[in-house]
Amino acid sequence: MSDPLEFDIIVVGGGHAGCEAASAAARTGARTALITHKIETIGEMSCNPAIGGLGKGHLVREIDALDGLMARVADQSGIQFRMLNRSKGPAVWGPRAQIDRKLYRQAMQSEILNHTNLTVIADGVEDLLIEKDMVSGVLGESGRHYAAGAVVITTGTFLKGIIHRGAERIPAGRVGEQPAIGLADRLYGLGLPMGRLKTGTPARLNGKTIDWTRLDMQAADETPIPFSYLTDRIEVPQIACGITHTNPETHAIIAENINQSAVYSGAIAGRGPRYCPSIEDKIHRFAEKTRHQIFLEPEGLDDDTVYPNGISTSLPRDVQDVFVRQIEGLEDVEILEYGYAIEYDYVDPRALDVGLQVKVLPGLFLAGQINGTTGYEEAGAQGLVAGLNAARRVRGDSHATFDRAEAYIGVLIDDLITRGVTEPYRMFTSRAEYRLSLRSDNADQRLTARGIELGLVGKHRAEMFHVKQAALESGRSLMKASQMTPNDAQKLGWKVNQDGQRRSAWEFLAYPTISIAHVETAFPQIAALHPAIKDQLEIEAMYAGYIERQKEDVAALRREESLTLPDDLDYRAVGGLTNEARAKLETVRPATLGQAARIEGMTPGALTALLAFVRRRPDRKKAHG
Amino acid sequence: MALRRDTICALASGPPPAAISILRVSGPQVQEIIAARFSATTLVPRHATLVDVFDAEGEVIDSGLAVFMPGPASYTGEDTLEISLHGGRIITELALEALMTAGARLAEPGEFTRRAFEHGKLDLTRAEAVADLIDAESQAQLAQALKQMDGALETLYAGWRADLTTCLALLEASIDFPDEEDAPDRVEKPVGESLEGLECELRKALEHGNISERIRDGFKIAILGKPNAGKSTLLNQLAKREAAIVTEIPGTTRDVIEIRLSIGGYLVWISDTAGLRETSDIVEAEGVRRAREAASKADLRIWVFDAQDNPPVDGVQPGDLRVANKCDLVDPGTVSRETLKITAKAGIGISALETEMISRLNAMTQNIGAPMITRARHRQGIERALTHLVAAQHQLKSGSGAEFVAEDVRLASRELGTLTGHINPDTVLGAVFSSFCIGK
Chain A
1 MSDPLEFDII VVGGGHAGCE AASAAARTGA RTALITHKIE TIGEMSCNPA
51 IGGLGKGHLV REIDALDGLM ARVADQSGIQ FRMLNRSKGP AVWGPRAQID
101 RKLYRQAMQS EILNHTNLTV IADGVEDLLI EKDMVSGVLG ESGRHYAAGA
151 VVITTGTFLK GIIHRGAERI PAGRVGEQPA IGLADRLYGL GLPMGRLKTG
201 TPARLNGKTI DWTRLDMQAA DETPIPFSYL TDRIEVPQIA CGITHTNPET
251 HAIIAENINQ SAVYSGAIAG RGPRYCPSIE DKIHRFAEKT RHQIFLEPEG
301 LDDDTVYPNG ISTSLPRDVQ DVFVRQIEGL EDVEILEYGY AIEYDYVDPR
351 ALDVGLQVKV LPGLFLAGQI NGTTGYEEAG AQGLVAGLNA ARRVRGDSHA
401 TFDRAEAYIG VLIDDLITRG VTEPYRMFTS RAEYRLSLRS DNADQRLTAR
451 GIELGLVGKH RAEMFHVKQA ALESGRSLMK ASQMTPNDAQ KLGWKVNQDG
501 QRRSAWEFLA YPTISIAHVE TAFPQIAALH PAIKDQLEIE AMYAGYIERQ
551 KEDVAALRRE ESLTLPDDLD YRAVGGLTNE ARAKLETVRP ATLGQAARIE
601 GMTPGALTAL LAFVRRRPDR KKAHG
Chain B
1001 MALRRDTICA LASGPPPAAI SILRVSGPQV QEIIAARFSA TTLVPRHATL
1051 VDVFDAEGEV IDSGLAVFMP GPASYTGEDT LEISLHGGRI ITELALEALM
1101 TAGARLAEPG EFTRRAFEHG KLDLTRAEAV ADLIDAESQA QLAQALKQMD
1151 GALETLYAGW RADLTTCLAL LEASIDFPDE EDAPDRVEKP VGESLEGLEC
1201 ELRKALEHGN ISERIRDGFK IAILGKPNAG KSTLLNQLAK REAAIVTEIP
1251 GTTRDVIEIR LSIGGYLVWI SDTAGLRETS DIVEAEGVRR AREAASKADL
1301 RIWVFDAQDN PPVDGVQPGD LRVANKCDLV DPGTVSRETL KITAKAGIGI
1351 SALETEMISR LNAMTQNIGA PMITRARHRQ GIERALTHLV AAQHQLKSGS
1401 GAEFVAEDVR LASRELGTLT GHINPDTVLG AVFSSFCIGK
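Below you can see the structure in the form of structure tokens.
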């Protein structure tokens, strides 16, 4: 290795975005450095110790399909695996796990510290180094210069982060961490559009002081289903979580003291997430409800800390003491750390391109909470995209992108850079138009081949993938070749149209009343397939009709995505745009016509004018030689 | 880039009535459409040719000047056809229908220009000039349609969309927040009821709103009444010929006699029916049954009665016309003021009746009187939305997952969204968060 202070890529921050960014860049072969204040906080879960859920679990599987870290690390640290939405179809199953905070941190650190092409450096980052209007590295607090072709900043809520608890104000990123003033000043100095958001966290409780005997318990799934396609089975012991509820007394205490809440006293200007309201918000907005559910989630196997999910608050300590002990099972609870709200600035992600690079400063990439998102999974997915594209930039390659029809990662990035955010952005399955194809079961089929092509996927996974693909392919052919007349199907008690049309096992599976078990009895050759392959093909066959129908939509989407708009397009020169349309286009600077169409409030007229302008440009260039 | 193209058509001139209506067609099927719908099966390129335009049944709609411009030397770069017809509402509507039944579909706002751009046909200055124009076109279409409908349709559509958003909020909340106590668990019942109600409303709207079909096929008017009230005489007067046999013998008309007429520019089918009475004659009884059937299908019912008798009550519905015949036999003062007075035999009062019929027909078309392009677009959109609503209910009943139901509901709302504005995921999430306390 050459000079140890010279790298291809520097990733600042060791959170979930930082780890995925560093790993992705290093996997593609870039010499990468991850710089963080404290190596021992790499992979720390700062909020709720859980991974996955609806939409989020899909992201985790996609990160895994591209050989990222999060899924494998969660498989080594998950203490309560549950597949959400089991009663619904597989497209909306959401893998989720409660995580042992310490095990996660350890597993993540072991990945990062032993990663090929990756150097971990303990230092603060004071400033960016800039040469010829491009990023050339960072300046450490130690005074050292670290040179790099691209820098990925993943520093979460450090921009003007303020913790609120009643009247208390603590400037901080997270409790006990130093905000990086110099780097923040540099980002503000770039004149990027900023917004302000808030989020909150509940008090942490001592599990030993909870009366668990009085509470309902929610067990883990009997057979935990791993996140990673590489994990055969979960070895970590599984635990149960407690469920309790607030009650009218709790509500009365909170209502009486609501003016002391940092949010309701007017101290907080930032917008909080609607899907994760504080307990104050719940009581204020849904006054008719007499109770709210709380999940008591242990933070680890040998950790007594309990995360009471559902009562995040910015009320003063004394009020927290009183209202928490009004809750059943928590009468004598000891609060280990009080809840708080944190308010912070974020960079309007519309200032980023599709590779998460800052448009006005080439070589600088942003990922994670700094872009207005919330959640480890959203952060990790962005980290992967930023790390990958930072490495591609250094190699002189164009951005690698994922579109809305191939991955939740594509939905996430497109939503961020096209529509911006007004509340901390979280993934939901309802954000994905092609939800029935973007399933958590087929993330590998959707993305691993892509990942191999991009150099993201290691040899082991690539081999496993090819074996599985081949098995799926032959299973699919077998199912399509196994056919029966409707008359024979009726003899088996299957309800199908008696139209004389022979159908294959594959087609029969599209009937809601016909399952793989039925098909197996009729076609013994199918019973011989590997169970995992059978399950996968059953899901595929079930959605096949809908996915066929979506093909035209997807084709239309891709047609519009293939019409690229130049980065330096002068919108003032595009005739026929209203001022409003022009302002929106200038904010977003869409990369394609399709992206332009998804900008809120874009009119067909504006799009047509844009298309005409772009179509004419090459001709003009030709004419001028 | 080779795009798969279909053929589009639209009214290119202002809304009728106007001196002329110019229809424009563009796409690969233009020559087939010419062969199928014009009296001249081929046209000399870029020459104005006088042609007859036929509907799907081969009836002449109108004659006008047609110009065929083969691609790429045309506005859009594709084979293009422009036809100038007389600028009447019905002619224009029928001609558009004729183009559509021959394989074209209605163009989206700005689609001709878009095709022109995509074929690189427009230079920059013209692109600048038309960009504004297109914007005005689509917005004006919507505004015009909604205004003419007196806001009624806008409210109706907004109501449907709100219902669909509520359904989606229920479905999405149950999908995206399965661990939340407040999020709905069982959504089949409320969603099922809501979808069923919506399906019913959409069907009703299509039925009532499908005025272009009536303009094409003709309004149905039934002449009803007791035997020997003078129904057949009235029919003959309206037809200005002896279409029906008229005798003094009650019950002469056994079957329904239909004649096709043009009244006030509307195509109408007037049916003379058997006199309504109890009868043991099998043939006559069948005639009475058919008369009642004709009455139930009619857009307008004319009840004819002998001025010497009491006005009919049985079977008369609000909005029906009552006509007292044989008024020469009674003192005019004895007949109710609301009743039209005629003496069919002598042709007295017939033109007043015709005027009244026209005003009724006007009122019917007025109620639905949106500009026709918008209206046809609406009908297509509503029909597609309906298909998805039916599919969603089917999924719901067959016990498929909420994700299947949601998919069809989302497609239905997208179709309605193309008529009035968009439903985006944020709208649905907004509805979720305002209805349910989410946040564990």
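Sequence order for the protein chains is A and B.
If you use my numbering, the first sequence corresponds to residues 1 to 625, in order.
If you use my numbering, the second sequence corresponds to residues 1001 to 1440, in order.
Yeah, the Cβ is synthetic: ideal placement off N, Cα and C, and Gly gets one too.
As the structure is a computational prediction, the values presented were derived from the model and not from experiment.
For A/P512, at least one C-beta of chain B is nearer than 8 angstroms to its own C-beta.
When 7 angstroms is used as the limit between beta carbons, A/N85 is near these residues of chain B: I1175, P1178, in chain order.
Around the beta-carbon of A/R392, 16 or more other beta-carbon atoms lie within 10 Å, marking it buried. For a Cβ distance threshold of 9 angstroms, nothing in chain A lies close to B/F1112: the least Cβ distance comes to about 10 angstroms. The Cβ atoms of A/L456 and A/A97 lie no closer than 8 angstroms to each other.
Counting other Cβ atoms within 10 Å of its Cβ, B/K1297 stays below 16 and is therefore classed as exposed. Residue range 118-122 is occupied by the beta strand (DSSP E) that includes A/T119. Going by DSSP, A/F365 is part of the beta strand (DSSP E) stretching over 364-366. A/T32 and A/L384 have their C-alpha atoms roughly 13 angstroms apart. A/L478 is outside the set of residues whose beta carbon lies under 8 angstroms from a beta carbon in chain B. Listed along chain B is no residue with a C-beta nearer than 9 angstroms to that of A/T199; the closest approach is about 11 angstroms.
Taking 8 angstroms as the upper bound for CB-CB distance, A/V120 and A/I9 are not in contact here, some 13 angstroms apart. The contact set of A/T231 on chain B, defined by CB atoms closer than 8 angstroms, is empty, because the minimum CB distance reaches about 23 angstroms. Within chain A, the residues whose beta carbon sits less than 7 angstroms from that of B/E1407 are L436, Y546, listed in sequence order.
If you check the CB distance, B/G1077 and B/A1116 come in under 8 angstroms.
In the pairwise beta carbon analysis, the stretch 1064-1079 of chain B is classified as touching the stretch 1023-1036 of chain B: at least three pairs are separated by under 8 angstroms. Sorting A/M542, A/S440, A/A432, A/P362 by C-alpha distance to the C-alpha of A/S398 places A/P362 at the top. Separation of A/D64 and A/A74 (C-alpha to C-alpha, rounded to the nearest whole angstrom) is 11 angstroms. B/G1319 is bridged by DSSP to nothing; it lacks a bridge partner. Just measuring C-alpha positions, the residue of A/I239, A/I279, A/G29, A/E343 sitting nearest A/N247 is A/I279.
Measuring C-alpha to C-alpha distances from B/F1068 to each of B/R1089, B/L1023, B/A1098 identifies B/L1023 as the nearest. Rounded to whole angstroms, the separation of the alpha carbons of A/I181 and A/A22 is 23 angstroms. Between A/L565 and A/A596, the C-beta gap is smaller than 8 angstroms, which places the two residues in contact. Not flagged as an interface residue toward chain B: A/Q498, since no C-beta distance is shorter than 8 angstroms. Counting along the chain, the unbroken beta strand (DSSP E) around A/Y307 starts and ends at 303-309.
Beta-carbon to beta-carbon, A/L315 and A/G166 are separated by about 6 angstroms, close enough to satisfy the 8 angstroms threshold. Counting along the chain, the unbroken beta strand (DSSP E) around A/N206 starts and ends at 204-206. Contact between A/L593 and A/Q525 is ruled out by a C-beta separation of about 48 angstroms, above the 8 angstroms threshold. If you compare the alpha carbons of A/T223, A/T250, A/Y229, A/I452 with that of A/P237, the shortest gap goes to A/T223. Residues of the stretch 1033-1067 of chain B with a C-beta atom less than 8 angstroms from some C-beta of chain A do not occur.
Here the alpha carbon of A/D441 sits roughly 36 angstroms from the alpha carbon of A/D567. In the three-state scheme derived from DSSP, where H, G and I count as helix and E and B as strand, A/Q320 is classed as helix. Under a 10 Å Cβ-count criterion, B/G1159 is classified as exposed, with fewer than 16 other Cβ atoms of the shown protein chains found around its own Cβ.
About 6 angstroms separates the Cβ atoms of A/L509 and A/M542, confirming a contact at the 8 angstroms cut-off. Assignment of A/E235 by DSSP, reduced to helix, strand and coil, places it in the coil class. The count of Cβ pairs closer than 8 angstroms, one atom from the stretch 156-165 of chain A and one from the stretch 97-110 of chain A, stays below three, leaving the stretches out of contact.
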